[in-house]
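K.L.:
The structure's right below; bear with me while I get my questions together.
Numbering (the numbering used here), first residue to last: 462 to 724.
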């Protein structure tokens with residue numbers, strides 16, 4: 462995959478996002494910010510990096526964090542440039558925090574949350590999360606993002622990504638129209654339509670961010686390493702619906718090319 466630079470995404474990286482559904486930004490925020498955020502998360506969950514005996518659960522979740530280190534990590538100049546390039550300048554809302562955090566610990570127990578899925582984008586006030594929805598316009602979500610707050614290697618429960626699956630999901634969502642599909646509808650066959658996709662993993666050093674198309678099929682996996690994995694998986698929120706009067710963003714281009722649409 463093309464590497465990042467300090468002047469923004471290259472044309473190759475933008476095309477990689479359109480074709481494959483994600484782009485990896487190395488050094489998107491500093492290792493010092495990552496350390497501060499990890500320290501705050503350790504305190505939040507009342508556990509310690511120096512006491513592995515307390516790491517009993519395979520995963521501990523923190524809903525959100527909005528203290529200064531997390532806000533700074535989500536809003537670096539490099540990330541803002543990338544948001545502009547993938548979503549469109551002025552078409553996204555600056556993050557006011559980050560979440561959720563599935564903190565994964567080395568464990569032989571199944572985590573219980575490692576199924577393939579697409580993150581839903583609206584209707585989240587419904588108490589039945591299986592009725593949360595997503596539509597072909599990706600209402601309510603501009604990007605799926607994966608922020609690595611610890612070094613994540615192949616054994617450290619990196620998020621699995623189905624390369625190019627966003628194109629298949631876009632075509633499926635087209636049939637559901639503006640109302641979109643619920644999680645129950647979209648996951649009924651276990652995302653069998655994307656089983657042919659190559660699988661890669663979101664590995665990298667602390668400070669790495671993966672910017673993903675909202676329709677990218679992804680999954681957790683068990684932690685087979687030795688050190689806890691700290692990661693956030695927030696959305697980037699759009700300012701409004703897609704505007705056909707504006708040039709299409711790479712997020713839109715991927716959908717349009719998959720579905721032969723004009724919005």
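In this text, a Cβ means the ideal position worked out from N, Cα and C, and glycines have one as well.
Note down, one range per segment and in chain order, each beta strand (DSSP E) of at least 3 residues found wholly within the stretch 652–710.
P.N.:
Correct list: 660–662 and 670–673.
K.L.:
Within the chosen definition, does the stretch 549–562 reach the stretch 470–487 through at least 3 CB pairs nearer than 8 angstroms?
P.N.:
Cβ pair count under 8 angstroms is below three, so no.
K.L.:
So which of 496, 619 and 522 has the shortest CA-CA distance to residue 664?
P.N.:
Closest option to residue 664, Cα to Cα, is 619.
K.L.:
With C-beta atoms as the reference, is residue 621 less than 8 angstroms away from residue 561?
P.N.:
No.
K.L.:
Find the nearest neighbour of residue 585 within the set 557, 600 and 493, judged by alpha-carbon distance.
P.N.:
Closest option to residue 585, Cα to Cα, is 600.
K.L.:
Assuming residue 498 and residue 534 are in contact, meaning their beta carbons sit under 8 angstroms apart, how far apart are those beta carbons, in whole angstroms?
P.N.:
Right, the Cβ-Cβ distance comes to about 6 angstroms (below 8 angstroms), so this counts as a contact.
K.L.:
Which two residues bound the contiguous beta strand (DSSP E) that contains residue 564?
P.N.:
Unbroken beta strand (DSSP E) run through residue 564: 562–565.
K.L.:
Considering just the uninterrupted stretch of the beta strand (DSSP E) at residue 583, what are its terminal residues?
P.N.:
Counting along the chain, residue 583 falls outside any beta strand (DSSP E), and DSSP gives it neither H nor E.
K.L.:
Checking 8 angstroms against the spacing of the C-beta atoms, do residue 595 and residue 606 come in under that value?
P.N.:
Result no, Cβ atoms of residue 595 and residue 606 do not sit closer than 8 angstroms.
K.L.:
Between residue 592 and the rest of its own chain, which residues show a CB-CB distance below 6 angstroms, the 5 nearest in sequence each way excluded?
P.N.:
Cβ within range, chain order: 643.
K.L.:
Taking DSSP as the reference, what is the three-state secondary structure of residue 490?
P.N.:
Three-state result, residue 490: coil.
K.L.:
Assuming residue 678 contacts residue 710 under a Cβ cut-off of 8 angstroms, what Cβ separation, rounded to an integer in Å, is found between them?
P.N.:
No, residue 678 and residue 710 are not in contact; Cβ-Cβ is about 21 angstroms, not under 8 angstroms.
K.L.:
Can you tell me whether residue 557 is helix, strand or coil according to DSSP?
P.N.:
Three-state DSSP puts residue 557 in coil, outside helix and strand.
K.L.:
So which of 673, 688, 536 and 707 has the shortest CA-CA distance to residue 568?
P.N.:
Cα-wise, what sits closest to residue 568 is 688.
K.L.:
Does the Cβ of residue 590 have 16 or more other Cβ atoms within 10 Å, making it buried, or fewer, making it exposed?
P.N.:
By the neighbour-count rule (16 or more Cβ atoms within 10 Å), residue 590 is not buried but exposed.
K.L.:
Taking the alpha carbon of residue 494 as the reference point, which residue from 684, 630, 513 and 611 has its own alpha carbon closest?
P.N.:
Measuring from the Cα of residue 494, the nearest candidate turns out to be 611.
K.L.:
Since residue 632 is in the beta strand (DSSP E), which residue starts that stretch and which ends it?
P.N.:
Per DSSP, residue 632 belongs to no beta strand (DSSP E); it is in the alpha helix (DSSP H), 626–635.
K.L.:
Please name the residue in 544, 692, 698 and 597 whose C-alpha comes closest to that of residue 718.
P.N.:
That would be 597, whose Cα lies nearest to the Cα of residue 718.
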